[in-house]
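Undergrad:
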Amino acid sequence: MKGLAPWGSLQWNTGRERGFFESAEDGLELKRQRPRLLLHSCCGPCSTSVIERLVSEYDVTVYFYNPNIDPEEEYQRRLASQIKFIEGFNQSRKALETEKGVLTFHQVEFIEGEYCPEDFYEVAQGFDNEPEGGQRCVECFRLRLEKTAKMARWAGFPIFATTLTVSPHKDYDVITEIGLYFGRKCGIEYLATDFKKKNGYARSIELSKEYGLYRQHYCGCEYSNTDTGKETDK
Ligand code: SF4
Numbered sequence: 004m005k006g007l008a009p010w011g012s013l014q015w016n017t018g019r020e021r022g023f024f025e026s027a028e029d030g031l032e033l034k035r036q037r038p039r040l041l042l043h044s045c046c047g048p049c050s051t052s053v054i055e056r057l058v059s060e061y062d063v064t065v066y067f068y069n070p071n072i073d074p075e076e077e078y079q080r081r082l083a084s085q086i087k088f089i090e091g092f093n094q095s096r097k098a099l100e101t102e103k104g105v106l107t108f109h110q111v112e113f114i115e116g117e118y119c120p121e122d123f124y125e126v127a128q129g130f131d132n133e134p135e136g137g138q139r140c141v142e143c144f145r146l147r148l149e150k151t152a153k154m155a156r157w158a159g160f161p162i163f164a165t166t167l168t169v170s171p172h173k174d175y176d177v178i179t180e181i182g183l184y185f186g187r188k189c190g191i192e193y194l195a196t197d198f199k200k201k202n203g204y205a206r207s208i209e210l211s212k213e214y215g216l217y218r219q220h221y222c223g224c225e226y227s228n229t230d231t232g233k234e235t236d237k
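Basically this note's numbering = 1-based index in the sequence shown + 3.
Structure representation (structure tokens):
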């Protein structure tokens, strides 16, 4: 993905993926000091503390693939919040390193996956009445992690991870089992990390406030957008 212009599109799958990438201004290949990691992100707020934790060890590319989000206005709002964080984070990291006189930080890159709600409804079919955390969520995790693993393999990432484990409302063991399964299937590594630990969830709230991010009050799909669901912070 060397040298792609900002908001270039990717010729993968249906070709509707797009994103922004750090490009080599001098025309030379970017020198990477760390392994590249594709991070599936469910939303800007959850990604904050995960990105902060990962950038010292990996060159992170965020993959925003969430066809479960309903309605589309909400999807656009979460997408905008994700981009706002990455841009703000890149700016502040660069400024910090410039101040210190060391430039080692590799900008966080971004890919937006295809937003196709039909893909979510296909896997959620028959599970409309499941409670949050039930089989519908398992299928929703599978959909998003399978696509992320395939994208990682296609784009040459040796490792992938997900921000889903930041949430105290999501089952870490279930997510890990799915991540490891698709990692094995695609021949790449899945980084099994419980990102809510080491103060990860609290830090995500702190960073979301710091960067002025929109924080939603339901998980994402129409079934979770109920009065009861809204009581639970994502
Ligand atoms: S509640 Fe959340 S994880 Fe479960 S199906 Fe809906 S969007 Fe997916």
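Every residue gets a Cβ at the ideal spot worked out from N, C-alpha and C, and that includes glycine.
#1: Name the DSSP bridge partner or partners of Tyr175?
#2: Leu146 bridges to which residues according to DSSP?
#3: Mind the definition here: the region 186–197 touches the region 143–158 only if three or more C-beta pairs lie below 8 Å; say whether that holds.
#4: I think His43 touches Phe163, with their Cβ atoms under 8 Å apart; what is that distance to the nearest whole Å?
#5: From the DSSP output, read off the bridge partner residues of Val65.
#6: Looking at Tyr214 and Phe88, is the spacing between their C-beta atoms short of 7 Å?
#7: Would you call the region 125–142 and the region 36–56 touching, i.e. three or more CB-CB distances under 8 Å?
#8: Rounded to whole angstroms, what is the Cα-Cα separation between Gly159 and Thr64?
#9: Where do the N-terminal and C-terminal ends of the beta strand (DSSP E) with Ala164 fall, by residue?
#10: Quick check: the region 70–89 against the region 215–227, are at least 3 beta-carbon pairs closer than 8 Å?
#11: In the DSSP output, what is Tyr124 paired with across the bridge?
#12: Given 6 Å as the limit, tell me if Glu121 has its C-beta closer than that to any heavy atom belonging to the ligand SF4.
#13: Assuming contact is defined by CB atoms lying nearer than 7 Å, are Phe113 and Ala152 in contact in what I supplied?
#14: Is it the case that the CB of Cys143 approaches a heavy atom of the ligand SF4 more closely than 6 Å?
#15: Go ahead and label Phe23 buried or exposed: buried means 16 or more other beta carbons lie within 10 angstroms of its beta carbon, across all protein chains shown.
#16: Report the rounded CA-to-CA distance for Arg187 versus Arg156, giving the unit in angstroms.
#17: When burial is assigned at 16 or more other CB atoms within 10 Å of the CB, is Lys173 buried or exposed?
#18: Among residues of its own chain, excluding the 5 on either side of Phe130, which ones have a beta-carbon nearer than 6 Å to its beta-carbon?
#19: From Cys119, Cys189 and Thr51, pick the residue whose C-alpha is nearest to that of Gly91; which is it?
#20: Less than 6 Å between the CB of Gly223 and some heavy atom of the ligand SF4, yes or no?
#21: Nearest by alpha-carbon distance to Pro38: which of Asp62, Glu117 and Leu183 is it?
#22: Among Leu167, Lys97 and Leu41, which residue has its Cα nearest to the Cα of Val3?
TA: A quick look at the data gives this:
#1: DSSP output for Tyr175 lists no bridge partner at all.
#2: According to DSSP, which records beta bridges pairwise, Leu146 is partnered with nothing at all.
#3: yes
#4: 7 Å
#5: Leu42 and Phe113
#6: yes
#7: no
#8: 12 Å
#9: Ile162 to Thr165
#10: yes
#11: Note: Tyr124 sits in no beta bridge, so no partner.
#12: no
#13: no
#14: yes
#15: buried
#16: 11 Å
#17: buried
#18: Gln138 and Arg139
#19: Thr51
#20: yes
#21: Asp62
#22: Given a span of 4 to 237 for the chain in the structure shown, any question on residue 3 remains unanswerable.
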